[in-house]
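Numbering (my numbering), first residue to last: 18 to 162.
Heads up: the structure comes next, in structure tokens.
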């Protein structure tokens, strides 16, 4: 899989964010403060995309896959750190893993649904533009006018 490189302006923008430590044309290294905030908000039910977006890291720049991979990696690291700090396996870890898998599936399903809605919106915009460009095709907001 080919990773899209960030443009120079995207790199400058990303470097200006408190959530980012370092940026290369293909990688983002996030600040430890952002990772901690991400995990806290994620474990409280906020969506990964919303957390990234609120930190100035929208999907259009960062990419949905990068957000998914960070979420999986950071959640796994948190679970492993939690398990190590307790010294014994957590009896609820299977439930947590199952819940995380279900949440990931739900996020994937919602992402697919959002993509379908965005395609429908684009199609409707194109239809609107075509209708507006036809001779006498001026669209009216109220059909009785």
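Note that the Cβ used here is the ideal one computed from N, Cα and C, for glycine as well.
The alpha-carbon separation between residue 65 and residue 59 amounts to approximately 6 Å. 8 Å or more divides the Cβ of residue 40 from the Cβ of residue 48.
8 Å or more divides the Cβ of residue 43 from the Cβ of residue 24.
For residue 65, the enclosing alpha helix (DSSP H) stretches over residues 65-71. 73 is the residue among 73, 86, 138 and 124 whose C-alpha sits nearest the C-alpha of residue 33. Here DSSP, grouped into helix, strand and coil, assigns residue 39 to strand. By the beta-carbon neighbour count (other beta carbons within 10 angstroms, threshold 16), residue 89 is exposed.
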